[in-house]
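Scroll down for the structure; my scribbles are underneath it.
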Amino acid sequence: MTDLYVLYRGPLASCNYDCPYCPFAKRVDPPEVLRADRAALERFTGWVEATTDRRLSVLFTPWGEGLTRSWYRDAIVRLSHLPHVARVAIQTNLAARTGWLAAANPRVAALWTTYHPGEATRERFLARCRELDLLGIRYSVGVVGLPDHHGEAVALRSALPATVYLWVNAADGHVYTTEEERRWTALDPRFGDSVRPHASLGLPCHAGETAISVLGDGTVRRCHFIQEPIGNLYDGTWRAALRPRACTNALCDCHIGYVHLKPLRLRDVYTEGLLERIPAVWPIDRLHRRWGGSA
Numbered sequence: 452m453t454d455l456y457v458l459y460r461g462p463l464a465s466c467n468y469d470c471p472y473c474p475f476a477k478r479v480d481p482p483e484v485l486r487a488d489r490a491a492l493e494r495f496t497g498w499v500e501a502t503t504d505r506r507l508s509v510l511f512t513p514w515g516e517g518l519t520r521s522w523y524r525d526a527i528v529r530l531s532h533l534p535h536v537a538r539v540a541i542q543t544n545l546a547a548r549t550g551w552l553a554a555a556n557p558r559v560a561a562l563w564t565t566y567h568p569g570e571a572t573r574e575r576f577l578a579r580c581r582e583l584d585l586l587g588i589r590y591s592v593g594v595v596g597l598p599d600h601h602g603e604a605v606a607l608r609s610a611l612p613a614t615v616y617l618w619v620n621a622a623d624g625h626v627y628t629t630e631e632e633r634r635w636t637a638l639d640p641r642f643g644d645s646v647r648p649h650a651s652l653g654l655p656c657h658a659g660e661t662a663i664s665v666l667g668d669g670t671v672r673r674c675h676f677i678q679e680p681i682g683n684l685y686d687g688t689w690r691a692a693l694r695p696r697a698c699t700n701a702l703c704d705c706h707i708g709y710v711h712l713k714p715l716r717l718r719d720v721y722t723e724g725l726l727e728r729i730p731a732v733w734p735i736d737r738l739h740r741r742w743g744g745s746a
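In our numbering, the protein residues as written are 452 to 746.
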């Protein structure tokens, strides 16, 4: 069965956090946008259920926070039990309750979580992580690599189980010194993937071949960062559009984009943890000794 990675982003743009580095901080969606988002997600979920000729892996990448909305929680549970869905994951700030995940298939459902100092206390965030551990849900934890976040990131790494991967995103607009890069790499061995944009123009990419980006109305794009549509999910035109392609952008600087660039071979790094951003192999023992994390 052919694998297809699907990144879905509906109209939702509201968030309960007010991070200064995010353009969607504290945005409030009006009721009509929430209704449209719910309807669009229901339609997409139905498409996933009906598309049984592909092994599907779905990552929800909302502009805002999805797990504060019941329809995202319901969709993850539903999709996690489908035999042709290999993974269903979502990017989340982990502010919402987690008990609903007890109804999900823990072999399929996963979370890409981000800790935002200043918006949540470390203790509260770690309590959510412990809930996920008890539920047996796979998750990664990330931080934005701003200088004033480093102390919190070190403390977070120390408190997390050694088996939990902590990733660091390079902050937009921040130029890292050699020493800063070294300090962040000590926390995240893959920080080098994020710290500088990747020259991508003309490079072969899985996007548009075995990975697609889907909007709420069904518009299919190669990826979130190339605006040109290649078809629509609901009229079937996406099928004929899938083929090997080279990137048309000069640079790719977001993980959900460059992870599909073929020359980087990052699919070999993440394997089954591609959508939730968990490498298949990473130096757990070294980090455990360095930061004193509990196993």
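From the three backbone atoms N, C-alpha and C, an ideal C-beta is built for every residue, glycine too.
Secondary structure of Ile588 (DSSP, three-state): coil. For Ala561, the three-state secondary structure derived from DSSP is strand.
Contact between Ala537 and Arg506 holds, since their C-beta atoms are separated by about 5 Å, short of 8 Å.
As the crow flies, the alpha-carbon of Pro598 is around 45 Å from that of Thr502. The beta carbons of Thr512 and Asn544 sit no closer together than 8 Å.
In its chain, beyond the 5 residues on either side, Gly596, Val619 and Phe642 have a beta carbon closer than 6 Å to the beta carbon of Trp635. According to the DSSP assignment, Ile663 belongs to the beta strand (DSSP E) that extends over Ala662 to Leu666.
Residue environment analysis places Gln678 among the exposed positions, since fewer than 16 neighbouring C-beta atoms fall within 10 angstroms of its C-beta.
In the DSSP assignment, the residues bridged to Leu458 are Leu510 and Ser664.
By the neighbour-count criterion, in which a residue is buried when 16 or more other Cβ atoms sit within 10 angstroms of its Cβ, Glu516 is buried. By the CB criterion at 8 Å, Ala692 and Ile681 fall inside the cutoff. According to the DSSP secondary-structure assignment, His649 is paired through a beta bridge with Cys703. Nearest to Arg696 by alpha-carbon distance, out of Ala662, Glu603 and Trp498, is Ala662. By the beta-carbon neighbour count (other beta carbons within 10 angstroms, threshold 16), Arg673 is buried.
Within the segment 475 to 557, the runs of beta strand (DSSP E) that reach at least 3 residues and sit entirely inside it are, in chain order, 505 to 511 and 536 to 543. Looking at the DSSP output, Cys656 bridges to Arg696 and Leu712.
For Trp635, the uninterrupted alpha helix (DSSP H) segment begins and ends at Thr629 to Leu638.
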